[in-house]
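**Q** Each residue of the sequence shown is one higher than the one before, starting from 366 at the first, in my numbering. C-beta atoms are modelled at their ideal positions from N, C-alpha and C, and glycine is treated no differently. Sharing a structure, written as structure tokens. Questions coming.
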Amino acid sequence: MVRSSRFPISDREYVQRVRRHPPSSLLPLIAQVSSLLPTKVDWQQDWVRLNRHRSAKGLYRPWAFADAAWVSLTRGNEHRQRLAAVDDLEEILAQYVALDDLYRHLPVGERLSGFLLRMAGQQFTWQEDDFSELARSVALLVQTEPTKPLNALVDGWEQEVLGCPISDYVGLGQMLFTVAIHRQGRVDLDWVPENELAVFKELTSRAVVKAVLEQHFATGAEEERARAAAGLISSDPLMRRYTPNPLRSRPLVRGFGCDYLVPVTPAVLGKVSPMGLYYTGIEHFGGSKAFERFAGDLGELFEQYVGRHLRLLPDAEVHPEIAYGKGGGQNSVDWIVVLPGLVLLLDAKSARPTAGLRLGPQQTFGEELNQKLGKAIGKQIPNTAKLIRDRHPKFAHIPHDRPMFGIVMTVEPYHLVNTPEFRNVLPATDVPTVVASASELEDAVVATDPTLEEAILARIEQPPAAGWSLRALADGRPVINPILDEAWASLPWGAEHSSDGEFSESP
Numbered sequence: 366m367v368r369s370s371r372f373p374i375s376d377r378e379y380v381q382r383v384r385r386h387p388p389s390s391l392l393p394l395i396a397q398v399s400s401l402l403p404t405k406v407d408w409q410q411d412w413v414r415l416n417r418h419r420s421a422k423g424l425y426r427p428w429a430f431a432d433a434a435w436v437s438l439t440r441g442n443e444h445r446q447r448l449a450a451v452d453d454l455e456e457i458l459a460q461y462v463a464l465d466d467l468y469r470h471l472p473v474g475e476r477l478s479g480f481l482l483r484m485a486g487q488q489f490t491w492q493e494d495d496f497s498e499l500a501r502s503v504a505l506l507v508q509t510e511p512t513k514p515l516n517a518l519v520d521g522w523e524q525e526v527l528g529c530p531i532s533d534y535v536g537l538g539q540m541l542f543t544v545a546i547h548r549q550g551r552v553d554l555d556w557v558p559e560n561e562l563a564v565f566k567e568l569t570s571r572a573v574v575k576a577v578l579e580q581h582f583a584t585g586a587e588e589e590r591a592r593a594a595a596g597l598i599s600s601d602p603l604m605r606r607y608t609p610n611p612l613r614s615r616p617l618v619r620g621f622g623c624d625y626l627v628p629v630t631p632a633v634l635g636k637v638s639p640m641g642l643y644y645t646g647i648e649h650f651g652g653s654k655a656f657e658r659f660a661g662d663l664g665e666l667f668e669q670y671v672g673r674h675l676r677l678l679p680d681a682e683v684h685p686e687i688a689y690g691k692g693g694g695q696n697s698v699d700w701i702v703v704l705p706g707l708v709l710l711l712d713a714k715s716a717r718p719t720a721g722l723r724l725g726p727q728q729t730f731g732e733e734l735n736q737k738l739g740k741a742i743g744k745q746i747p748n749t750a751k752l753i754r755d756r757h758p759k760f761a762h763i764p765h766d767r768p769m770f771g772i773v774m775t776v777e778p779y780h781l782v783n784t785p786e787f788r789n790v791l792p793a794t795d796v797p798t799v800v801a802s803a804s805e806l807e808d809a810v811v812a813t814d815p816t817l818e819e820a821i822l823a824r825i826e827q828p829p830a831a832g833w834s835l836r837a838l839a840d841g842r843p844v845i846n847p848i849l850d851e852a853w854a855s856l857p858w859g860a861e862h863s864s865d866g867e868f869s870e871s872p
């Protein structure tokens with residue numbers, strides 16, 4: 366039975382509790398337990414799956430595993446004699462949940478809103494749908510055609526950046542995930558018969574696989590201790606658990622009796638998701654000019670990716686950005702969709718939410734959110750709506766007598782941004798508008814009962830007090846998104862995995 370932890374627990378006390386066990390004992394235990402809970406379906410029944418007391422419910426989560434594992438890896442001492450057991454891990458996780466919060470002494474309203482944002486940033490990023498995330502990596506970066514020349518993501522970029530095609534890279538993540546599940550959080554390439562590597566295009570030998578793993582997936586105690594010593598994680602230990610954990614970008618750890626230990630099984634899939642690929646791109650392109658070209662290419666691909674999905678809507682006329690004004694020097698929103706009873710105005714933004722936004726409201730919170738989303742909400746969408754209503758010649762083909770609804774599309778979710786508590790820092794507008802991520806659009810365009818149009822019209826008629834959410838408007842996925850399904854089928858084991866929204870455990 367888990368030992369209850371008082372609140373608050375200081376970070377020093379928590380770290381000392383982790384350090385009570387040598388890393389060679391605690392890290393393999395974390396990896397083993399994590400391998401038993403690889404998906405969010407498993408997490409929800411953690412205490413049942415692990416045959417623990419009900420009081421342990423909710424403790425066994427990947428973000429908690431990741432923090433405990435990284436603290437052990439960077440602060441642990443092999444001279445400690447006490448081997449770790451499941452009861453010890455449970456006590457460590459209970460202390461993690463009870464850690465003090467840096468902003469606990471702020472006024473109540475500000476304290477709560479900041480806490481909610483930090484918790485969302487800490488936890489929601491682990492809970493995206495695996496099928497959608499992996500398929501989107503290919504659908505966005507390989508199968509979406511740009512409408513103008515790219516500058517960084519040109520021919521050969523996959524080999525240069527990743528060392529293999531994206532489909533191989535994502536397939537490698539699938540393979541590692543499966544091996545970790547069935548080998549108690551351990552990966553040894555000798556366990557993978559070379560003839561099974563024939564499903565890859567280029568990762569057809571253990572030596573080539575090893576090279577890619579070392580380049581992108583693997584780390585060790587020495588590297589992570591150097592990272593910690595350089596202060597690259599967080600300036601305040603109480604904020605460490607809310608900042609990106611290094612084991613998400615390097616989910617394989619050397620030095621524990623096999624080729625690699627996988628302390629947090631779900632982190633392997635995150636590495637090959639669009640977010641993981643984005644940070645791999647940042648690491649590769651480095652300098653500001655190169656990164657600007659990379660970011661610009663992602664913006665172009667994402668804009669066209671949004672357009673591909675809008676064309677899935679039944680009875681829809683989809684119009685790209687319209688140039689107007691003197692010499693065509695001004696532009697509308699990126700996409701205008703005419704439906705039988707509704708006009709959608711969509712602007713695509715590829716900028717990701719930064720750590721500053723996810724750490725909670727501070728002095729710069731409103732400024733930063735406005736910098737990323739404010740122009741689309743306060744200018745692009747309402748200006749386009751006015752041009753349509755005023756019957757501007759360039760917009761004469763767009764019906765002006767139907768309700769209009771704005772959607773700001775983002776690659777990654779901006780958690781809680783549509784709730785009244787956080788929306789008030791963004792510009793007011795006379796066009797009902799939501800911020801929605803790629804995953805929300807992927808589900809919404811295939812919704813059938815109700816359709817996206819029916820759901821939006823109902824919400825325009827009776828706006829919910831709690832705010833708008835595209836995920837709530839078109840909840841669930843009644844049919845598989847064909848764009849994601851095509852991408853999934855192109856993966857090494859795509860045809861053998863179910864595409865029902867839950868990741869299968871075996872290739």
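Who are the near neighbours of R606 in its chain, counting only those whose CB is closer than 8 Å to its CB and skipping five residues on each side?
**A** Against the sequence shown, residue 606 aligns to sequence position 241. Same-chain partners within the cutoff: W428, D432, Y461, L464, Q487.
**Q** Within the same chain, show all residues whose beta-carbon is closer than 6 Å to that of R501, passing over the 5 residues directly before and after it, in chain order.
**A** Taking the first residue of the sequence shown as position 1, residue 501 is located at position 136. Taken in chain order, the residues that qualify are P639.
**Q** Can you find the residues in the same chain that come closer than 8 Å, C-beta to C-beta, to R440, ignoring five residues on each side of it along the sequence?
**A** Taking the sequence shown and counting its residues from 1, the one referred to as residue 440 is at position 75. These residues qualify, in order along the chain: V380, V383, R384, A593.
**Q** Going by other Cβ atoms of all chains shown within 10 Å of its Cβ, with 16 needed for buried, is L448 buried or exposed?
**A** On the sequence shown, position 83 is the one that residue 448 refers to. L448 is exposed by the Cβ-count criterion.
**Q** Output the residue ranges of the alpha helix (DSSP H) runs that lie fully inside the segment 687-762 and measure 4 residues or longer, sorted by chain position.
**A** Taking only runs of at least 4 residues, the alpha helix (DSSP H) segments lying wholly in the segment 687-762 are 720-723, 730-734, 746-754.
**Q** Going by DSSP, what residue range makes up the beta strand (DSSP E) through F770?
**A** Within the sequence shown, residue 770 is the residue found at index 405, counting from 1. Counting along the chain, the beta strand (DSSP E) containing F770 begins and ends at 769-775.
**Q** What three-state label does DSSP hand F868 in the structure shown?
**A** On the sequence shown, residue 868 is found 503 positions in, with the first residue counted as 1. In this predicted model, F868 has a pLDDT of only 41, less than 50, meaning its place in the structure is not dependable enough to derive any value.
**Q** Is it true that the segment 711-720 meets the segment 659-673, where meeting means three or more beta-carbon pairs spaced less than 8 Å apart?
**A** They touch, by the three-pair rule.
**Q** Taking the CB atoms as reference points, tell me whether Q397 and G550 lie closer together than 7 Å.
**A** Taking the first residue of the sequence shown as 1, we reach residue 397 at position 32. Taking the first residue of the sequence shown as 1, we reach residue 550 at position 185. It is a contact, given that the beta carbons lie within the stated cut-off.
**Q** By Cβ distance below 7 Å, which residues in the same chain neighbour E510 in space, the five residues on each side in sequence not counted?
**A** On the sequence shown, position 145 is the one that residue 510 refers to. These residues qualify, in order along the chain: Q669.
**Q** Helix, strand or coil for R447? Go by DSSP, reduced to three states.
**A** Against the sequence shown, residue 447 aligns to sequence position 82. Of the three classes helix, strand and coil, the one that applies to R447 here is coil, per DSSP.
**Q** Taking buried to mean at least 16 other C-beta atoms within 10 Å of its own C-beta, is V413 buried or exposed?
**A** By 1-based counting over the sequence shown, the position of residue 413 is 48. Exposed, because fewer than 16 other Cβ atoms sit within 10 Å of the Cβ of V413.
**Q** On the three-state DSSP scale, how would you describe P685?
**A** Numbered from 1 along the sequence shown, position 320 holds the residue referred to as residue 685. DSSP places P685 in strand when its eight states are reduced to three.
**Q** Under DSSP, the alpha helix (DSSP H) around V885 begins and ends at which residues?
**A** Since the displayed the chain opens at 366 and closes at 872, residue 885 lies outside it and no answer follows.
**Q** Can you check whether the CB of T543 is closer than 7 Å to the CB of S400?
**A** The residue labelled residue 400 in the question sits at position 35 within the sequence shown. The residue labelled residue 543 in the question sits at position 178 within the sequence shown. Not closer than 7 Å, so no.
**Q** Inspect the beta-carbon positions of V799 and N789 and report whether they are closer than 7 Å.
**A** In the sequence shown, residue 799 corresponds to position 434, counting from 1. In the sequence shown, residue 789 corresponds to position 424, counting from 1. Contact: no.
**Q** Excluding the five sequence neighbours on either side, which residues of its own chain have a C-beta within less than 7 Å of the C-beta of L402, listed in chain order?
**A** For the purposes of this step, residue 402 is identified with residue 37 of the sequence shown, where counting begins at 1. The answer, listed in chain order, is W408, D411, R414, Y425.
**Q** Count the other CB atoms within 10 Å of the CB of I742; is the residue buried (16 or more) or exposed (fewer)?
**A** By 1-based counting over the sequence shown, the position of residue 742 is 377. I742 is buried by the Cβ-count criterion.
**Q** What number of angstroms, rounded off, separates the C-alpha of S863 from the C-alpha of S497?
**A** Taking the first residue of the sequence shown as position 1, residue 863 is located at position 498. Taking the first residue of the sequence shown as position 1, residue 497 is located at position 132. Caution applies to S863, whose pLDDT of 45 falls short of 50 and renders its modelled position unreliable; the model cannot decide the point.
**Q** Assuming A852 and V503 form a contact by the criterion Cβ under 8 Å, report the distance between their Cβ atoms to the nearest whole angstrom.
**A** Residue 852 sits at position 487 when you count from the first residue of the sequence shown. Residue 503 sits at position 138 when you count from the first residue of the sequence shown. So it is a contact: roughly 4 Å between Cβ atoms.
**Q** Is DSSP giving L568 helix, strand or coil here?
**A** Sequence index remark: in the sequence shown, residue 568 carries index 203 (1-based). L568: coil per DSSP, three-state reduction.
**Q** Over what stretch of residues does the alpha helix (DSSP H) that includes I321 continue unbroken?
**A** The requested residue 321 does not occur in the structure, where the chain is confined to residues 366 to 872.
**Q** What are the boundary residues of the alpha helix (DSSP H) that W833 is part of?
**A** Along the sequence shown, one-based indexing puts residue 833 at 468. Element bounds for W833: n/a, residue is neither H nor E.
**Q** Would a check of beta-carbon distances place M769 closer than 7 Å to chain D?
**A** Of the protein chains in this structure there is only one, and it is not chain D.
**Q** If we count the other Cβ atoms within 10 Å of its Cβ and call it buried at 16 or more, is I647 buried or exposed?
**A** By one-based count along the sequence shown, residue 647 stands at place 282. I647 should be labelled exposed.
**Q** Is there contact between the segment 694-703 and the segment 530-545, where contact requires at least three CB pairs shorter than 8 Å?
**A** The segment 694-703 is not in contact with the segment 530-545.
**Q** Looking at C-alpha atoms only, which residue of E818, P778, G538 is the closest neighbour of T490?
**A** Numbered from 1 along the sequence shown, position 125 holds the residue referred to as residue 490. Looking at the Cα atoms, P778 is the closest of the given residues.
**Q** Please report the distance separating the alpha-carbon of L578 from that of L738.
**A** Numbered from its first residue, the sequence shown carries residue 578 at position 213. Numbered from its first residue, the sequence shown carries residue 738 at position 373. Going from the Cα of L578 to the Cα of L738 covers about 36 Å.
**Q** Exposed or buried, what is V406 when buried is set at 16 or more other beta-carbons lying within 10 Å of its beta-carbon?
**A** Residue mapping note: residue 406 aligns to position 41 of the sequence shown, counting from 1. So V406 ends up on the exposed side.
**Q** Assuming contact is defined by CB atoms lying nearer than 7 Å, are D533 and E561 in contact in what I supplied?
**A** Walking along the sequence shown from the start, residue 533 turns up at place 168. Walking along the sequence shown from the start, residue 561 turns up at place 196. No, the pair does not count as a contact, with Cβ atoms beyond the cut-off.
**Q** Taking 7 Å as the cut-off, decide whether the C-beta atoms of L704 and E807 are in contact.
**A** Residue 704 sits at position 339 when you count from the first residue of the sequence shown. Residue 807 sits at position 442 when you count from the first residue of the sequence shown. Not in contact: L704 and E807 (Cβ atoms no closer than 7 Å).
**Q** Leaving out five residues on either side along the sequence, give the residues of the same chain with a beta carbon under 6 Å from the beta carbon of L835.
**A** By 1-based counting over the sequence shown, the position of residue 835 is 470. Around L835: V799, A801, E805, A809.
**Q** Determine the direct distance from the alpha carbon of E523 to that of F656, and round the result to whole angstroms.
**A** Here residue 656 is taken as the residue at index 291 of the sequence shown, counted from 1. Here residue 523 is taken as the residue at index 158 of the sequence shown, counted from 1. Cα-Cα distance, rounded: 16 Å.
**Q** Taking just the CA atoms, how far does G635 sit from D520?
**A** Here residue 520 refers to the residue found at position 155 when the sequence shown is read from its first residue. Here residue 635 refers to the residue found at position 270 when the sequence shown is read from its first residue. Near 25 Å, if we compare the C-alpha coordinates of G635 and D520.
**Q** Below 6 Å, is the gap between the Cβ of G521 and the nearest heavy atom of the ligand ATP?
**A** Of the ligands one can find in the structure shown there are none, so the ligand ATP has no counterpart to examine.
**Q** Please state whether DSSP places H862 in a helix, a strand or coil.
**A** For the purposes of this step, residue 862 is taken as residue 497 along the sequence shown, with counting starting at 1. In this prediction, H862 scores a pLDDT of 49, lower than 50, which makes its location untrustworthy; no coordinate-derived value is stated.
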